[in-house]
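In this note's numbering, the protein residues as written are 40 to 538.
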């Protein structure tokens with residue numbers, strides 16, 4: 040992989056005597072499970088972005104919060120870096136371990152502590168799977184709205200760390216909009232409560248600040264999430280288009296008509312064919328793009344909204360609009376979308392999943408730009424994304440065994456993210472920055488903003504021991520990134536010359 044972060048961050052970390060640290064951990068925490076041999080450490084060398092790999096020095100798997108607290112206190116006193124990991128489904132290298140650090144795995148904290156029907160909330164440990172919350176709340180006709188495609192496996196602690204989204208977040212919001220309270224441990228091992236059981240809390244909104252902080256500010260130990268009543272009815276329309284540009288414009292037309300779907304997703308032909316071959320969802324494989332639009336609520340409103348959306352889609356140039364005949368077909372439509380990533384994995388040795396967000400009005404132009412980059416770099420790109428909120432997930436197909444293809448995949452990925460910023464968007468919508476997008480942070484933010492981010496990090500973690508080298512680039516890294524673009528005459532944003 041190319042250098043996506045400042046190596047001096049790792050170089051500045053203290054050298055840790057592994058044998059001495061292991062002995063001290065065993066003495067102070069005799070019941071803590073610790074992995075230290077090469078064969079035991081190897082499964083933890085990456086998260087869902089498997090192109091980046093580092094073998095951790097030690098992996099610890101606590102079962103009690105007191106163990107986490109004592110571990111943090113010891114690491115803080117000894118200056119040992121700590122990287123927290125949940126289910127390991129992240130896609131930006133956010134849980135990539137350090138050779139000179141401890142990987143703290145929180146997966147064993149997987150208990151649902153309370154489902155409160157009257158208050159419509161659930162208290163859960165950080166290792167609880169996203170889908171498990173809705174399954175536990177189902178007997179009370181409640182559910183947890185944010186539903187990442189990885190919801191069957193991803194943990195709520197990781198969702199908080201990345202501010203995860205999902206196909207139904209257009210109407211119901213991201214993780215940050217569905218939290219009441221988070222209990223955390225600071226790097227010093229002190230307990231803190233962010234948010235409250237009420238709808239609002241006094242003082243600064245530290246809960247929002249912490250959500251999406253990628254494990255750099257503290258360790259999640261408990262999460263209180265909002266639960267919503269299950270909609271009385273949900274209907275899905277599938278619309279086929281003969282061009283991705285028409286489908287992109289239709290997205291804006293639906294929102295402009297004053298309709299907020301429960302979900303509004305888009306897939307291009309490459310993704311359609313892959314998903315259909317894998318799931319057999321009934322997708323029209325000849326279409327250049329499809330939209331899945333779900334309307335939910337009470338029966339009368341949903342029926343009216345379905346007719347209005349059908350009219351908008353037809354006017355926008357849809358070649359076909361059909362409604363799921365029953366609940367089974369509705370589930371099948373969504374299964375195709377939610378399994379698009381593994382489906383694409385069946386047609387290519389490797390793929391690189393990007394995550395950028397753009398204003399809805401820019402969808403047609405950005406899709407054209409991605410097509411041009413695909414042709415320029417000679418790599419296929421499958422587009423699958425949350426169209427309603429402009430959160431794009433281009434999947435760049437390549438073969439790591441072919442010399443140069445991995446580097447080309449990285450290059451086109453960076454260009455796509457810079458294109459997102461250029462049209463007023465962001466380099467990430469829900470996957471986070473991690474190690475993957477450090478360079479593109481320099482395109483998104485200027486030096487004053489990046490300095491402020493470092494100040495926030497220092498307020499929680501002055502020694503920089505929690506997940507170092509992620510999310511926030513050094514100013515020197517940004518200077519090198521800017522100089523690289525100047526050298527090639529491609530500097531995307533003039534303010535980079537300030538570094």
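The C-beta atom is built at its ideal place from N, Cα and C for all residues, glycine as well.
Checklist entry - With distances taken between CB atoms, is the gap from residue 429 to residue 468 smaller than 9 angstroms? => result To locate residue 429, count along the chain shown from 1; it is residue 390. To locate residue 468, count along the chain shown from 1; it is residue 429. Result yes, Cβ atoms of residue 429 and residue 468 sit closer than 9 angstroms.
Next on the checklist: What ranges does the beta strand (DSSP E) occupy inside the region 309 to 358, keeping only unbroken runs of at least 3 residues that lie completely in it?
Outcome noted: 328 to 336
Checklist entry - Between which two residues does the beta strand (DSSP E) harbouring residue 390 extend? => result Locating residue 390 in the chain shown gives position 351, where the first residue counts as 1. Start and end: 389 to 392.
Item to check | For residue 320 and residue 188, the rounded distance between their alpha carbons | outcome: Start at 1 with the first residue of the chain shown, and residue 188 comes out as number 149. Start at 1 with the first residue of the chain shown, and residue 320 comes out as number 281. Distance between the alpha carbons of residue 188 and residue 320 is about 16 angstroms.
Next on the checklist: Taking 8 angstroms as the limit between beta carbons, can you name the residues of its chain near residue 447, skipping five residues before and five after?
Outcome noted: What you label residue 447 is simply residue 408 of the chain shown in a count that begins at 1. Cβ within range, chain order: 416, 417, 418, 437.
Checklist entry - Is the Cβ-Cβ distance between residue 421 and residue 383 less than 9 angstroms? => result As a working note, residue 421 is residue 382 in the chain shown. As a working note, residue 383 is residue 344 in the chain shown. Cβ atoms of residue 421 and residue 383: closer than 9 angstroms.
Checklist entry - CB-CB under 6 angstroms to residue 281, same chain, minus the five flanking residues each way: which ones, in chain order? => result As a working mapping, residue 281 is identified with position 242 in the chain shown. For residue 281, where only same-chain residues beyond five positions count, the Cβ hits under 6 angstroms are 327, 358.
Checklist entry - According to the Cβ coordinates, are residue 125 and residue 171 closer than 9 angstroms? => result Here the question's residue 125 lines up with position 86 in the chain shown. Here the question's residue 171 lines up with position 132 in the chain shown. Contact flag unset, no.
Next on the checklist: Does the contact criterion of 3 or more C-beta pairs under 8 angstroms hold for the region 328 to 337 versus the region 293 to 304?
Outcome noted: yes
Next on the checklist: Assuming the contact rule is C-beta atoms closer than 8 angstroms, residue 110 and residue 74 should be a hit. Round their C-beta distance to whole Å, please.
Outcome noted: Here residue 110 is taken as the residue at index 71 of the chain shown, counted from 1. Here residue 74 is taken as the residue at index 35 of the chain shown, counted from 1. That belief does not hold up - the Cβ atoms of residue 110 and residue 74 are roughly 14 angstroms apart, past 8 angstroms.
Next on the checklist: Please list the terminal residues of the continuous beta strand (DSSP E) segment that includes residue 154.
Outcome noted: Stepping through the chain shown from its first residue, residue 154 is reached at position 115. Element bounds for residue 154: 151 to 155.
Checklist entry - Nearest-angstrom Cα distance between residue 54 and residue 160? => result Walking along the chain shown from the start, residue 54 turns up at place 15. Walking along the chain shown from the start, residue 160 turns up at place 121. Cα to Cα, residue 54 sits roughly 44 angstroms from residue 160.
Item to check | 6 angstroms Cβ shell around residue 94 - same chain, five flanking residues per side excluded | outcome: Mapped onto the chain shown, residue 94 falls at position 55. Cβ within range, chain order: 80, 84.
Checklist entry - Under the rule that 16 or more other beta-carbon atoms within 10 Å means buried, what is residue 521, buried or exposed? => result The residue labelled residue 521 in the question sits at position 482 within the chain shown. Classification of residue 521: buried, given that the 10 Å Cβ count is 16 or more.
Item to check | Exposure of residue 108, with buried meaning 16 or more beta-carbon neighbours within 10 Å | outcome: The sequence position of residue 108 within the chain shown is 69, counting from 1. Classification for residue 108: buried.
Next on the checklist: Taking a contact to mean a Cβ-Cβ separation below 9 angstroms, would you say residue 64 touches residue 100 in this structure?
Outcome noted: As a position in the chain shown, residue 64 is number 25, starting the count at 1. As a position in the chain shown, residue 100 is number 61, starting the count at 1. No.
Next on the checklist: Tell me which residue opens and which closes the beta strand (DSSP E) that residue 2 is part of.
Outcome noted: Examination of residue 2 is not possible in this model, given that the chain is present from 40 through 538 alone.
Item to check | Residues that residue 545 bridges to, as DSSP identifies them | outcome: Since the first residue shown for the chain is 40 and the last is 538, residue 545 is missing from the structure and cannot be characterised.
Next on the checklist: At 4 residues or longer, what runs of the alpha helix (DSSP H) sit wholly inside the region 217 to 286?
Outcome noted: 245 to 249
Checklist entry - Would DSSP call residue 460 helix, strand or coil? => result If you number the chain shown from 1, residue 460 lands on position 421. Helix at residue 460.
Checklist entry - From residue 512 to residue 311, what does the alpha carbon distance come to, in whole angstroms? => result If you number the chain shown from 1, residue 512 lands on position 473. If you number the chain shown from 1, residue 311 lands on position 272. Answer to the nearest angstrom: the Cα atoms are 37 angstroms apart.
Checklist entry - How is residue 54 classed by DSSP in three states: helix, strand or coil? => result Locating residue 54 in the chain shown gives position 15, where the first residue counts as 1. It is coil, neither helix nor strand.
Next on the checklist: Does the contact criterion of 3 or more C-beta pairs under 8 angstroms hold for the region 229 to 245 versus the region 212 to 220?
Outcome noted: yes
Checklist entry - Using a Cβ-Cβ cut-off of 6 angstroms (strictly less than) and excluding sequence neighbours within five positions of residue 278, which residues of its own chain qualify? => result Sequence index remark: in the chain shown, residue 278 carries index 239 (1-based). The answer, listed in chain order, is 330, 352, 357, 360.
Next on the checklist: Quick check on the DSSP output: the beta strand (DSSP E) that includes residue 73 runs from which residue to which?
Outcome noted: Within the chain shown, residue 73 is the residue found at index 34, counting from 1. That run of the beta strand (DSSP E) goes 72 to 74.
Checklist entry - Nearest CA to the CA of residue 479: which residue from 499, 394, 442? => result In the chain shown, residue 479 corresponds to position 440, counting from 1. Of 499, 394, 442, the residue nearest in Cα terms is 394.
Next on the checklist: Between 208, 260, 105, which has its C-alpha nearest residue 150's C-alpha?
Outcome noted: One-based indexing of the chain shown puts residue 150 at position 111. Checking every option, the nearest Cα to that of residue 150 belongs to 260.
Next on the checklist: Just verifying my parser: in three-state terms, what is the DSSP assignment at residue 492?
Outcome noted: Here the question's residue 492 lines up with position 453 in the chain shown. Residue 492: helix per DSSP, three-state reduction.
Item to check | Beta-carbon proximity check, residue 539 vs residue 483, cutoff 9 angstroms | outcome: A question about residue 539 goes unanswered here, because the residues of the chain that appear run from 40 up to 538.
Next on the checklist: Given a cut-off of 9 angstroms on the beta-carbon distance, is the pair residue 288 and residue 403 in contact?
Outcome noted: For the purposes of this step, residue 288 is taken as the residue at position 249 of the chain shown. For the purposes of this step, residue 403 is taken as the residue at position 364 of the chain shown. Contact: yes.
Next on the checklist: Assuming residue 97 is part of the beta strand (DSSP E), what are its boundary residues?
Outcome noted: Here residue 97 is taken as the residue at index 58 of the chain shown, counted from 1. Element bounds for residue 97: 97 to 100.
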